Amino acid sequence: MSQLTAADVVAAAAELMRAGQWAAATDLLTATRADDPGERRSLALALAEVAVDRDFAQQTDHASAALAAVDEVADDSIAWDVDMLKLRKDYANALFGSGGDADELAERARRLIDQAPDEGRRGAVSFYAGVMADNLLDRPDEAFTHYTTALQLGEKTDDGLLVSYALRHLGDHAHTAGDLALAREHWELSTEQRQRAGHLLGALAQQTLLAVLLHDEGDAAGSRSVATEVNRWARQVPIPGIVQQTADLMTPSR
Amino acid sequence: MSHLAATDIAVAAVQLMRAGRWAAAADLLTAATTDDPDEHELLALTRAEVAVDRDFGRTTDHATAALAEVPGNSWDLAMLKFRNDYANALFQAGDPDLRDRARTLVEQAPDDARRGTASFWAGAVADNVYEQPAEACAQYDVALELGEKCGDELLVAQALRHLGHHAHAAGDLALARSQWERSIELFQKAGHLRPALAQQASLAVLLRDEGDLAGSRALATETNRWARQLDVPFIAQQTADLMAVPA
């Protein structure tokens, strides 16, 4: 046996999760035995985060069991984080069409914004409030405000991934408004932040948008070649949502 | 404190290394302590593997110190030292004598999988240091066969990448495409980021040679972006050249 702190294990698992290696992250966390209840809580919380992240990517359900397990060891120190993971899981369910009350989700997001223990977490939940306003409630102006808050807090707390999330969705708004130059600026920066952070799914999702943009800019062959390679990569991981989006872009008639 | 087996740590660290998260892999391995000599050797050996991989194609030198800390005289350690010296010969300059060492590693390999790995590196040395393509292809064929036999998909991917280069050099674009597409898919499936990007650069070359200049340029632009963020200069350079090809 070897010894190390749970924090070291959790940091490595988070990196594996971002690299799209959800099974390896889960294996590492599951193999770890902690003496201390605080360390056991950290490991259970990390397992639930990996499950929520994986379910969003692969439209599976690993999270229900993992969230039930974390409930058994949770205390006040991780209450906000557990509620945030549940919100993310329920948002994914609502987004992928298996129900959920959009107003109730938005209300939970509002409460988490009020109760956020620090600016990093407030930025993270502001981002989720934004995607809910955009994708579930059809309130683009409210979404834009949340993304702007998320962007500011992401920059202030030096959280490159949060910045990349906000820029992806702000870029969507620019793209919808027909401002291709601003969309390109936001989307390129978002892509680069994700690549620097080792976030594989996020990088491929952004490359998909860059392929859309190439098409809209009139470079049909360029759009097709990028979409073809993103599609190939997403099939190997696999990430079904990206496979589907890029397949549409690969069709020569576009 | 938390406890886990060194093998579980090593597996996670290798996966992080493949994802291009070399610092995270090194941090995990450095954080672990153990009283067991076998576990200590495994952690040190994996740290050296991460360091050799991290240095590849860069001007950093994490490997010298990490290799010096590995106890014993195992075949695995000799293989890592060889890979490090090959990378130095390829990207900087260096002494070789690599051919005899490659032959010895092949002969002394303790199993088929490791013989396949050594054969692959013997091929790379023959190709890129001694410029003997026929010998290189023979070694890649052995590596491919042993990779398939042992179910080592990364070894298959590496062999196909290099066999595809020879098909491409011979003008057989269709064969190059089939070998390179299978290679990149195996790298992606295994979560091996740097060679996946290197293969993407090769596919951009192929698009150019197939006459799709706009497709080549767009793909090279995105591969270049990723290689710059990962900080892999040789891929950034190769793709920058493709981005500059006039329409």
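Protein chains in written order, with my numbering: chain A, 1 to 254; chain B, 1 to 247. Even for Gly, the Cβ is constructed at its ideal location relative to N, Cα and C. Everything numeric in this text was worked out from a predicted model, so none of it was measured.
With a threshold of 7 Å (Cβ to nearest heavy atom), would B:Phe91 be considered close to the ligand ZN? In the structure shown, the ligand ZN is absent, as is every other ligand, since no ligand is present at all.
Going straight from the alpha carbon of A:Glu49 to that of A:Ile78, what length do you get? The residue given as residue 49 of chain A occupies position 49 in the first sequence. The residue given as residue 78 of chain A occupies position 78 in the first sequence. If I take the Cα positions, the gap works out to 12 Å.
Are there 16 or more other CB atoms within 10 angstroms of the CB of A:Asn231, so buried, or fewer, so exposed? For this step, residue 231 of chain A is matched to residue 231 along the first sequence. It is buried - the Cβ of A:Asn231 has at least 16 other Cβ atoms within 10 Å.
Please report whether the beta-carbon of A:Thr149 lies at a distance below 8 Å from any beta-carbon of chain B. To locate residue 149 of chain A, count along the first sequence from 1; it is residue 149. Judged by the 8 Å Cβ criterion, A:Thr149 is not in contact with chain B.
If you count every other CB in all the chains shown that lies within 10 Å of the CB of B:Val156, and 16 or more means buried, which is it? Residue 156 of chain B sits at position 156 when you count from the first residue of the second sequence. When all chains shown are included, B:Val156 counts as buried.
Say whether the region 130-139 of chain A touches the region 94-108 of chain A, bearing in mind that this needs 3 or more beta-carbon pairs closer than 8 Å, one atom from each stretch. yes
Across which residues does DSSP place A:Gln3 in a beta bridge pair? Residue numbering aside, residue 3 of chain A sits at position 3 when the first sequence is read from its first letter. Bridge partners of A:Gln3: B:His3 and B:Thr33.
Is the separation between the beta-carbon of B:Glu39 and that of B:Ala87 shorter than 8 Å? By 1-based counting over the second sequence, the position of residue 39 of chain B is 39. By 1-based counting over the second sequence, the position of residue 87 of chain B is 87. Result no, Cβ atoms of B:Glu39 and B:Ala87 do not sit closer than 8 Å.
Can you look up A:Ala34 in the DSSP assignment and give me helix, strand or coil? Translated into the one-based positions of the first sequence, residue 34 of chain A becomes position 34. Of the three classes helix, strand and coil, the one that applies to A:Ala34 here is strand, per DSSP.
Endpoints, the alpha helix (DSSP H) within which B:Glu69 is located: Position 69 of the second sequence, counted from the first residue, corresponds to residue 69 of chain B. Counting along the chain, B:Glu69 falls outside any alpha helix (DSSP H), and DSSP gives it neither H nor E.
Note down, one range per segment and in chain order, each alpha helix (DSSP H) of at least 4 residues found wholly within the region 41-95 of chain A. 63-73 and 79-95
Which word fits A:Ala51, buried or exposed, when buried means at least 16 other C-beta atoms lie within 10 angstroms of its C-beta? By one-based count along the first sequence, residue 51 of chain A stands at place 51. Classification of A:Ala51: buried, given that the 10 Å Cβ count is 16 or more.
Would you grab the beta carbon distance between B:Ala176 and B:Leu144 for me? Rounded to a whole angstrom, and I think it's under 8 Å. Along the second sequence, read from residue 1 onward, the residue named residue 176 of chain B stands at position 176. Along the second sequence, read from residue 1 onward, the residue named residue 144 of chain B stands at position 144. No, B:Ala176 and B:Leu144 are not in contact; Cβ-Cβ is about 15 Å, not under 8 Å.
If I'm right that A:Asp55 touches A:Lys86 with Cβ under 8 Å, what's the distance once you round it to whole angstroms? The residue given as residue 55 of chain A occupies position 55 in the first sequence. The residue given as residue 86 of chain A occupies position 86 in the first sequence. About 12 Å; that fails the 8 Å criterion.
Which of helix, strand or coil DSSP assigns to A:Ala166: Working through the first sequence from its first residue, we reach residue 166 of chain A at position 166. Looking at A:Ala166 - three-state DSSP - the assignment turns out to be helix.
Which residues in chain B sit within 9 Å of A:Gly233, going by Cβ to Cβ distance? Reading the first sequence from its first residue, position 233 is the one you call residue 233 of chain A. Looking at the sequence itself, residue 233 of chain A is Trp, so the reference to Gly does not match. By Cβ distance, chain B contributes Ile184, Glu185, Gln188, Ala196 and Gln200.
Taking 8 Å as the cut-off, does the region 184-195 of chain B touch the region 210-225 of chain B (at least 3 CB pairs, one atom from each stretch)? no
Use the C-beta contact count for B:Leu173: other C-beta atoms within 10 angstroms, 16 or more gives buried, fewer gives exposed. Here residue 173 of chain B is taken as the residue at index 173 of the second sequence, counted from 1. Counting Cβ neighbours within 10 Å, B:Leu173 comes out exposed, since fewer than 16 surround it.
Candidates A:Gly241, A:Glu107, A:Arg41 and A:Gln59: which alpha carbon is nearest A:Ala68's? The residue labelled residue 68 of chain A in the question sits at position 68 within the first sequence. Closest by alpha carbon: A:Arg41.
Ordered along the chain, which non-local residues of its own chain (more than five positions away) have a Cβ less than 6 Å from that of B:Ala10? Along the second sequence, read from residue 1 onward, the residue named residue 10 of chain B stands at position 10. Correct list, in chain order: Leu42 and Thr46.
Around the Cβ of A:Gly99, are there at least 16 other Cβ atoms within 10 angstroms (buried) or fewer (exposed)? Taking the first sequence and counting its residues from 1, the one referred to as residue 99 of chain A is at position 99. Exposed, by the Cβ-count rule.
A:Arg194: which of A:Asp35, A:Ala177 and A:Ala166 sits nearest, CA to CA? Locating residue 194 of chain A in the first sequence gives position 194, counting from the first residue. Minimum Cα distance to A:Arg194 is reached at A:Ala166.
Interface positions of the region 30-46 of chain B facing chain A (Cβ-Cβ less than 8 Å), listed along the chain: Ala31, Ala32, Thr33, Thr34, Asp36, Glu39 and Leu43
Taking the C-alpha atoms as reference points, what is the distance between B:Arg18 and B:Glu185? Translated into positions along the second sequence, residue 18 of chain B becomes position 18. Translated into positions along the second sequence, residue 185 of chain B becomes position 185. Approximately 14 Å between the Cα atoms of the pair.
Figure out for me which residue from A:Ala102, A:Glu185, A:Gln236 and A:Arg196 has the closest Cα to the Cα of A:Leu209. Indexing the first sequence from 1 puts residue 209 of chain A at position 209. The candidate whose alpha carbon is nearest that of A:Leu209 is A:Glu185.
Is it right to say B:Asn73 is buried, meaning 16 or more other beta carbons lie within 10 angstroms of its own, or is it exposed? The residue given as residue 73 of chain B occupies position 73 in the second sequence. Result: exposed.
When DSSP labels each residue in this structure, what does B:His192 get in the three-state scheme? Mapped onto the second sequence, residue 192 of chain B falls at position 192. Here B:His192 sits in coil by DSSP.
Could you say which of A:Leu137, A:Ala150, A:Ala227 and A:Ser164 lies nearest to A:Asp101 if we only look at CA atoms? Locating residue 101 of chain A in the first sequence gives position 101, where the first residue counts as 1. A:Asp101 has its Cα closest to that of A:Leu137, out of A:Leu137, A:Ala150, A:Ala227 and A:Ser164.
Any beta-carbon of chain A closer than 8 Å to the one on B:Ile9? For the purposes of this step, residue 9 of chain B is taken as the residue at position 9 of the second sequence. Yes, B:Ile9 lies at the interface with chain A (some Cβ there is under 8 Å from its Cβ).
For B:Glu210, name the three-state secondary structure that DSSP assigns. Here residue 210 of chain B is taken as the residue at index 210 of the second sequence, counted from 1. Looking at B:Glu210 - three-state DSSP - the assignment turns out to be coil, as it is neither helix nor strand.
Could you confirm whether any beta carbon from chain A is found closer than 8 Å to the beta carbon of B:Gln237? Taking the first residue of the second sequence as position 1, residue 237 of chain B is located at position 237. Answer no: the Cβ-Cβ gap between B:Gln237 and chain A never drops below 8 Å.
So is A:Val243 in contact with chain B if we call contact Cβ pairs under 8 Å? Start at 1 with the first residue of the first sequence, and residue 243 of chain A comes out as number 243. Chain B contact via Cβ: absent.
Thinking C-beta only, is B:Asp111 closer than 8 Å to B:Leu98? Within the second sequence, the letter at position 98 stands for residue 98 of chain B. Within the second sequence, the letter at position 111 stands for residue 111 of chain B. Contact flag unset, no.
Use the C-beta contact count for B:Val245: other C-beta atoms within 10 angstroms, 16 or more gives buried, fewer gives exposed. Here the question's residue 245 of chain B lines up with position 245 in the second sequence. Answer is exposed; the Cβ neighbour count stays below 16.
Can you tell me the Cβ-Cβ gap for B:Val52 and B:Arg83, rounded? I've got them flagged as a contact below 8 Å. Position 52 of the second sequence, counted from the first residue, corresponds to residue 52 of chain B. Position 83 of the second sequence, counted from the first residue, corresponds to residue 83 of chain B. That pair is a contact at about 5 Å.
Taking 8 Å as the cut-off, decide whether the C-beta atoms of B:Leu230 and B:Gly20 are in contact. Locating residue 230 of chain B in the second sequence gives position 230, where the first residue counts as 1. Locating residue 20 of chain B in the second sequence gives position 20, where the first residue counts as 1. Cβ atoms of B:Leu230 and B:Gly20: closer than 8 Å.
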